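*Asks:*
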Amino acid sequence: MVFEKIGTTIKESFNKIKNTVIVDENLINEILKDIQKVLIRSDVNVKIVLEFTKKIKNDFYKSDIPPTLNKRDYLIKIIYDNLVVLLGGDYKSLEITKKPHKILLLGLYGSGKTTTVGKMGKLLRRKGYKPLLVSLDTFRPAAYKQLETLAKSINVDVFGNPNAKDPIEILKELDKKDLSNYDIIVYDTAGRDSLNQELQKEIEDINDYVKPDDVLLVISADLGQSVMNLATSFHETCNVNGIIITKMDGTSKGGGAISACALTGAKVKYIGVGEKIDDLEVFEPNKFIEKLLGLGDLEELLERASEAIDETKAKEISEKMLKGEFTLLDLYDQLEAVNKMGSFSKIISMIPGMSSTGISKEDIGMIEGKMGDWKIVMTSCTKKELEDPEIIDQSRIDRISIGSGISKTSIRELMTQYRKMKKMIKYIKPNKIDKMENFDINNPEFKKMLRKMRKR
Ligand SMILES: Nc1nc2c(ncn2[C@@H]2O[C@H](COP(=O)(O)OP(=O)(O)OP(=O)(O)O)[C@@H](O)[C@H]2O)c(=O)[nH]1
Ligand SMILES: [Mg+2]
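50 is the number of the first residue of the sequence shown in the working numbering; add one for each residue after it.
#1: Can you determine whether any heavy atom of ligand 1 sits closer than 7 Å to the C-beta of Asp186, and answer yes or no?
#2: Let me know if Val93 comes out buried or exposed under the rule of 16 or more other beta-carbons within 10 Å of its beta-carbon.
#3: Tell me which same chain residues have a C-beta within less than 6 Å of the C-beta of Asp242, skipping the five on either side of it?
#4: Among the residues of its own chain, which have a CB less than 8 Å from the CB of Ile66, if the five just before and after it don't count?
#5: Three or more C-beta pairs closer than 8 Å, one from the region 244 to 259 and one from the region 134 to 145: is that the case here?
#6: Roughly how far, in whole angstroms, is the beta-carbon of Thr187 from the beta-carbon of Lys214, given that I think they are within contact range, below 8 Å?
#7: Leaving aside the five residues before and after Met498 along the sequence, list all residues of the same chain whose C-beta is less than 7 Å from its C-beta, in chain order.
#8: May I ask whether a heavy atom of ligand 2 can be found less than 7 Å away from the beta carbon of Ala191?
#9: Going by CA-CA distance only, name the one from Asp232, Lys60, Lys111, Arg461 that's closest to Pro180.
#10: Could you check whether the Cβ of Ala280 sits closer than 7 Å to any heavy atom belonging to ligand 1?
#11: Return the first residue and the last residue of the alpha helix (DSSP H) that Val98 is part of.
#12: Which parts of the region 291 to 330 are runs of the alpha helix (DSSP H), unbroken and 4 residues or longer, counting only runs that do not cross its ends?
#13: Looking at Asp237 and ligand 2, is the gap between the Cβ and the nearest heavy atom below 7 Å?
#14: Applying the criterion that 16 or more other CB atoms from any shown protein chain within 10 Å of the CB defines a buried residue, is Lys296 buried or exposed?
#15: Quick check: the Cα distance between Gly291 and Lys302, rounded to an integer number of angstroms?
#16: Do the CB positions of Gly321 and Ile293 come within less than 8 Å of each other?
#17: Between Leu265 and the rest of its own chain, which residues show a CB-CB distance below 6 Å, the 5 nearest in sequence each way excluded?
#18: Return the CA-CA distance between Phe52 and Gly304, expressed in angstroms with no decimal places.
#19: Cβ of Gly321 versus every heavy atom of ligand 1: is any distance shorter than 7 Å?
#20: Let me confirm a value: Gly177 is counted as buried when at least 16 other C-beta atoms fall within 10 Å, else exposed. Which label applies?
#21: Beta carbon of Asp271, beta carbon of Gly299: below 8 Å?
#22: May I have all residues whose beta carbon comes closer than 5 Å to any heavy atom of ligand 2, sorted in chain order?
#23: When the distance is taken between beta carbons, is Lys168 closer than 8 Å to Lys262?
#24: Tell me whether Lys296 counts as near ligand 4, meaning its Cβ is closer than 7 Å to at least one heavy atom of that ligand.
#25: One question on the structure: do Ala191 and Ser184 come within less than 8 Å of each other, judged by their Cβ atoms?
This is the structure:
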């Protein structure tokens, strides 16, 4: 597989990092040099490679190491994050919002369009959709037959006319059919040697007629970084919103192709990894890299890193609490975060002076114990109720109880806890924090404050 070499080098680098005692400039330079070499060999543009390694260094030195990671883990995490960005960053799947959803595939001659339309038919059907494959290739004589054979092999419907002279003629015939039964229509189009005027006109006409929801450009990975020019010129002809890179199995230039696409801002949605009908993969940069490098250690490390992110979120919420902006929505957010890791006491402990005051351990224990119920309650509240819980009166409690199936007593408990916290928060205004931070439980002023609070 094309990425094998990149995978091996990066795995070796990660091992080097893990086995080192001190993470210093020398180690980082040595590792980055290895990674640069393998990326350039994979046809990633030299300038991109240099920027990539510069960014890793920058990230490593300029940001704080999260408390859940050590220096070695942190370096690995930063290399991983930047690799994900190099290959396109966040993944966004195709959004199938209407029926039938129309997907148009474009590309040069021999790029793998027809094969990919067949592969997509299988993939979509496996996901539970009912697809129709349409051949609009009137340029190459056997094009319809090729798609028909593929469609039959996977038991998916196909439409086309081998005798038609131009694609619009086929589309007009297709209009006469009842298509309401299909979830997705995938259109195969003809290619040319280059994006010449003839192909441009054909694509524009088809695009105007079909008004596709997605236009995917099919490009062969062996073009390496030069896919960038092609992607840009196709994009100018019609709004390409995703890319499929085929033949990732047969070239060493896949890295170049994918990173060049990432630069154009177009997302690679699928990759073709072989000639067979099952050889199409949804392309998610993070999962792709995790698979390439082998999960296991990496997974555990990423988990720890996300714990650190949760910690940041916890801090955010605690800051909001201090500003007195704590709503049921924040409590909900908190319950969500707690579901993933950590505990409510953690948030409390982040508020200076709060840990040992007002809300008792029992209260916290109770909140934690009831979280499941309360989450359900909150999903039955309206947005307005979440933002301004004081409007939740008896009749609203009745409604929420019916909607959520949670007892009215539990809902009242939630309100009581919420009010308790809100009061606490009102009391602990930022200007009081400095004073409170150094208090110990026996401090008379502290005791006075507690008494005052209990009276409320
Ligand atoms: N190894 C490999 N071969 C592929 C892949 N995708 C397509 N091919 C092969 O590439 C060749 C061209 O594929 P087609 O699907 O006919 O390409 P096309 O873009 O429809 O070509 P035209 O219709 O002539 O423009 C075929 O031999 C396919 O088997 C892939 O992911 N890996
Ligand atoms: Mg074809």
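In this text, a Cβ means the ideal position worked out from N, Cα and C, and glycines have one as well. Here the structure is a predicted model, which means the values were calculated and not measured.
*Replies:* Here's the rundown:
#1: For the purposes of this step, residue 186 is taken as the residue at position 137 of the sequence shown. Under cutoff, so the answer is yes.
#2: Looking up residue 93 in the sequence shown gives position 44. Burial call: buried.
#3: Counted from its first residue, the sequence shown places residue 242 at position 193. Excluding positions up to five away in sequence, the list reads Tyr158.
#4: Looking up residue 66 in the sequence shown gives position 17. Same-chain partners within the cutoff: Val72, Leu76, Ile80, Arg121, Leu124, Ile125.
#5: no
#6: Your numbering for residue 187 matches position 138 in the sequence shown. Your numbering for residue 214 matches position 165 in the sequence shown. Taking a contact as a CB-CB distance under 8 Å, the pair Thr187 and Lys214 counts as one, their CB atoms being some 6 Å apart.
#7: Stepping through the sequence shown from its first residue, residue 498 is reached at position 449. Confidence is the limiting factor: at Met498 the pLDDT is only 45, short of 50, which leaves the residue's position unreliable and the question unanswerable from this model.
#8: Within the sequence shown, the letter at position 142 stands for residue 191. It does not: the Cβ of Ala191 is nowhere closer than 7 Å to a heavy atom of ligand 2.
#9: As a first step, residue 180 is located in the sequence shown; it is residue number 131 there, counting from the start. Among Asp232, Lys60, Lys111, Arg461, the Cα nearest to that of Pro180 belongs to Asp232.
#10: One-based indexing of the sequence shown puts residue 280 at position 231. The answer is no for Ala280.
#11: For the purposes of this step, residue 98 is taken as the residue at position 49 of the sequence shown. Segment 95 to 111, the alpha helix (DSSP H) holding Val98.
#12: The region 291 to 330 contains these whole alpha helix (DSSP H) runs: 303 to 313.
#13: As a position in the sequence shown, residue 237 is number 188, starting the count at 1. Correct: Asp237 has its Cβ closer than 7 Å to ligand 2.
#14: Looking up residue 296 in the sequence shown gives position 247. Per the 10 Å Cβ criterion, buried.
#15: For the purposes of this step, residue 291 is identified with residue 242 of the sequence shown, where counting begins at 1. For the purposes of this step, residue 302 is identified with residue 253 of the sequence shown, where counting begins at 1. Cα to Cα, Gly291 sits roughly 19 Å from Lys302.
#16: Here residue 321 is taken as the residue at index 272 of the sequence shown, counted from 1. Here residue 293 is taken as the residue at index 244 of the sequence shown, counted from 1. In contact: Gly321 and Ile293 (Cβ atoms closer than 8 Å).
#17: As a working mapping, residue 265 is identified with position 216 in the sequence shown. Once the five neighbours on either side are set aside, the close Cβ partners of Leu265 are Leu154, Gly291, Ile293.
#18: Numbered from its first residue, the sequence shown carries residue 52 at position 3. Numbered from its first residue, the sequence shown carries residue 304 at position 255. If you take the alpha carbons of Phe52 and Gly304, they lie about 7 Å apart.
#19: Numbered from 1 along the sequence shown, position 272 holds the residue referred to as residue 321. Gly321 Cβ: within cutoff of ligand 1.
#20: Locating residue 177 in the sequence shown gives position 128, where the first residue counts as 1. Its Cβ having fewer than 16 others within 10 Å, Gly177 is exposed.
#21: Position 222 of the sequence shown holds residue 271. Position 250 of the sequence shown holds residue 299. Yes, they are a contact pair.
#22: Lys162, Thr163
#23: Within the sequence shown, numbered from 1, the residue matching residue 262 stands at position 213. Within the sequence shown, numbered from 1, the residue matching residue 168 stands at position 119. Here residue 262 turns out to be Asp, not Lys, going by the sequence shown. Against a cut-off of 8 Å, the Cβ pair of Lys168 and Asp262 comes out as no contact.
#24: Of the ligands this structure carries, namely ligand 1 and ligand 2, none is ligand 4.
#25: Here residue 191 is taken as the residue at index 142 of the sequence shown, counted from 1. Here residue 184 is taken as the residue at index 135 of the sequence shown, counted from 1. Cβ distance not < 8 Å, so Ala191 and Ser184 don't count as in contact.
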